[in-house]
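Protein sequence lines correspond, in order, to chains G and X.
The first sequence begins at 26 in my numbering and counts up one residue at a time.
The second sequence begins at 26 in my numbering and counts up one residue at a time.
Where is the CB? At the ideal position from N, CA and C, for every residue including glycine.
What follows is a single structure, written as C-alpha cells, with notes after it.
There are 2 protein chains.
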Amino acid sequence: MPREPRRDEVLDAAARLFARDGYAATSVRALADEAGFTKAGLYYHVRGKEELLAAICAESIEAILQDVERAVVDGAEPAQQLAAIIDAHVRFFHQHPDRLTVLNQEMGRLSAPRRRKIVRLERRYLGLLRSVLERGMKSGALVRLDPTVSAFLLLSLVNGLSDWYDPKGRVGRDALIAHVQRITLRGLAA
Amino acid sequence: MPREPRRDEVLDAAARLFARDGYAATSVRALADEAGFTKAGLYYHVRGKEELLAAICAESIEAILQDVERAVVDGAEPAQQLAAIIDAHVRFFHQHPDRLTVLNQEMGRLSAPRRRKIVRLERRYLGLLRSVLERGMKSGALVRLDPTVSAFLLLSLVNGLSDWYDPKGRVGRDALIAHVQRITLRGLAA
Numbered sequence: 026m027p028r029e030p031r032r033d034e035v036l037d038a039a040a041r042l043f044a045r046d047g048y049a050a051t052s053v054r055a056l057a058d059e060a061g062f063t064k065a066g067l068y069y070h071v072r073g074k075e076e077l078l079a080a081i082c083a084e085s086i087e088a089i090l091q092d093v094e095r096a097v098v099d100g101a102e103p104a105q106q107l108a109a110i111i112d113a114h115v116r117f118f119h120q121h122p123d124r125l126t127v128l129n130q131e132m133g134r135l136s137a138p139r140r141r142k143i144v145r146l147e148r149r150y151l152g153l154l155r156s157v158l159e160r161g162m163k164s165g166a167l168v169r170l171d172p173t174v175s176a177f178l179l180l181s182l183v184n185g186l187s188d189w190y191d192p193k194g195r196v197g198r199d200a201l202i203a204h205v206q207r208i209t210l211r212g213l214a215a
Numbered sequence: 026m027p028r029e030p031r032r033d034e035v036l037d038a039a040a041r042l043f044a045r046d047g048y049a050a051t052s053v054r055a056l057a058d059e060a061g062f063t064k065a066g067l068y069y070h071v072r073g074k075e076e077l078l079a080a081i082c083a084e085s086i087e088a089i090l091q092d093v094e095r096a097v098v099d100g101a102e103p104a105q106q107l108a109a110i111i112d113a114h115v116r117f118f119h120q121h122p123d124r125l126t127v128l129n130q131e132m133g134r135l136s137a138p139r140r141r142k143i144v145r146l147e148r149r150y151l152g153l154l155r156s157v158l159e160r161g162m163k164s165g166a167l168v169r170l171d172p173t174v175s176a177f178l179l180l181s182l183v184n185g186l187s188d189w190y191d192p193k194g195r196v197g198r199d200a201l202i203a204h205v206q207r208i209t210l211r212g213l214a215a
C-alpha cells in the first residue's frame, strides 16, 4: 500500500535510484513505485525530477559545508582543522553514499541556474579548504605547496570514495577516516 | 573537405566529444562532421559508437598499465616504484585528458562483456599497486595501513584530475607530478 513519505525519505530513495540507474533513466513514476510512495506524497515535497536532483546536490554539499565551516571557525591549528574537515566529509559519505555519488556524477544534468548554485557552494568549500591550507603553510606547520592544487587533491580523496568504498563492507567508517587523515596530514606536513 | 583520419585521430576526436557532450548525446555523424572526417574513413577504424567508447577505455588503461608494469618489474625500491606509477599516470592524463575523463565517466555505458574487459584491466592495475604497497610495508619503508584502501586512495588522486586539472592551465605537468608524489610518498612513509 503506497504511503506518504517524509522529505528525507524522498531524497534518499531518489538518490538510491539515480546512483543505481542514472538520473536520465529514472522516472518519478518508477521512483514512487519502487519506494512505495504515493505520487501525491512525493509531489508534496518536490515539483519534479530536476528539483529532486537539485535538492540532493544542494543539501548534500550544504550539510558538509556546515560541518566544515564549524571546523574552520573553531580556532584550532590548521592540521586539526584539516582532520575535522576529512572527518565531516567521510562521515557524511558513510551515512549518505548515494547522495554524494549523485552529486559527483549527475550535477551536470541540472539546468544552468541550478548548477550555478551548486558550483557556488563547491567554490565556498574549496575556498575554506584553501584558507586552512594557506594558514598552515604560513605558520610553517604545512609544507609550502600550491594551496589550490593541495585543496583539489584532498577533495579528490574524499570525492573518490563513491568509486570504491562500500559503507557496508570490510573497512569501517572510523578506520577509513583515520587512514585518510594519516595520509593527508603526513603528506602535507612540513 | 572531409578527409580520411588515422585511428589515433578518431579516438582523440571521439574522446573530446564524449567528454564534452557525454557519450549518450554524441552521434557518429556529429563526430564525423565536427572532426571533418569522412564517415567511410571513420568506419574503417571502428564499427560504431560503442566500439569507439570501448577502444578509448581499453587503450587508455592499457597504455598506463604498460608503464606501470615497467615500473614494477624494474627492481627499484617500492617508494621509487610508486613515484614512477604516479609519473606514468599523470603524464598520460596530461597528454590525453579527454580519454581518461571518458574512461572515468562513461565506461558504465559499455555492454557487459566489454565492461568486464575494462574491469579486468583496472583490477590488474589495482593489484600491481597493492603489491608495491605491500612490499613497502613489509620492508618497513611504508607505514602499515590497509594496502587496498591505500591503493584506492592513490587511484582517487590521479583519477580525480579529470574533475579539476586543466593541462593548458597555470600548473604545469611536472609541478603537478612532483606535488602528487610529495603528498603520496610522505603520506605513506613509515
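Positions of the alpha helix (DSSP H) runs, each at least 4 residues long and wholly inside the segment 80 to 122 of chain G, are given as 103 to 120 in order along the chain.
Between X/Gly212 and chain G, the shortest Cβ-Cβ separation is below 8 Å.
Our two residues, X/Ala83 and G/Pro30, have alpha carbons roughly 44 Å apart in a direct line. G/Arg195 carries a coil assignment under DSSP once its states are collapsed to helix, strand and coil. Three or more Cβ pairs closer than 8 Å define a contact, and the segment 176 to 188 of chain X meets that threshold against the segment 166 to 186 of chain G. Contact between the segment 195 to 206 of chain G and the segment 56 to 65 of chain X is absent: fewer than three C-beta pairs spanning the two stretches fall below 8 Å. Here X/Ala137 carries a helix assignment [DSSP, helix/strand/coil].
Taken through DSSP and simplified to helix, strand or coil, G/Arg72 comes out as coil. With respect to X/Pro103, X/Arg160 sits close: the two C-beta atoms are nearer than 8 Å.
X/Arg198 sits close to X/Arg116, with the two beta carbons spaced by under 8 Å. Residue pairing by DSSP places G/Leu167 opposite G/Ala214 in a beta bridge. For the set X/Leu210, X/Ser136, X/Gly152 and X/Tyr190, the Cα lying nearest the Cα of X/Ala80 is the one of X/Ser136.
In the displayed model, X/Arg31 falls within coil according to three-state DSSP, outside both helix and strand. A distance of 8 Å or more separates the beta carbons of X/Leu151 and X/Val93. Counting only residues of its own chain and dropping the five nearest sequence neighbours on each side, X/Ala39 has a CB closer than 7 Å to the CB of Leu56, Leu77 and Ile81. Comparing C-alpha distances from X/Gln120 to each of X/Asp191, X/Tyr48, X/Val98 and X/Leu170 shows the shortest one belongs to X/Asp191. Put simply, the backbone Cα of G/Val53 is about 7 Å away from that of G/Gly73. With 16 or more other CB atoms across the displayed protein chains lying within 10 angstroms of its CB, X/Ser85 is buried. Taking a beta-carbon distance threshold of 8 Å, X/Val196 counts as an interface residue toward chain G. Cβ-Cβ distances below 6 Å link X/Arg32 to His70 in the same chain, with the five nearest sequence neighbours on each side left out; the list follows chain order.
Among the bridge pairs identified by DSSP, G/Phe43 is matched with none. Using a Cβ-Cβ cut-off of 8 Å, G/Thr209 counts as an interface residue toward chain X, since at least one Cβ of chain X sits closer than that to its own. For the 8 Å CB-CB criterion, G/Ala215 and G/Ala176 do not form a contact. When the Cα atoms are used, G/Arg149 and G/Arg139 turn out to be separated by approximately 16 Å. Annotation for X/Ala49: no alpha helix (DSSP H) segment contains it, and DSSP assigns it neither H nor E.
Of all residues in the segment 146 to 163 of chain X, none has a C-beta nearer than 7 Å to a C-beta of chain G.
Buried is the label assigned to G/Met132, since at least 16 other Cβ atoms lie within 10 Å of its Cβ. Among the bridge pairs identified by DSSP, G/Phe62 is matched with G/Arg28. Counting only the Cα atoms, X/Leu42 lies some 20 Å from X/Met26.
Cβ-Cβ separation between G/Thr209 and G/Ile111: approximately 6 Å, consistent with a contact (criterion under 8 Å).
Under the Cβ distance rule, X/Gly185 counts among the residues neighbouring chain G, one pair being separated by less than 8 Å.
Going by C-alpha positions, G/Leu201 is about 8 Å away from X/Val174. Around the beta carbon of G/Gly212, a 10 Å sphere encloses 16 or more other beta carbons of the protein chains shown; the residue is thus reported as buried. Contact between G/Ala109 and G/Ala96 holds: CB atoms are separated by about 4 Å, below the 8 Å threshold.
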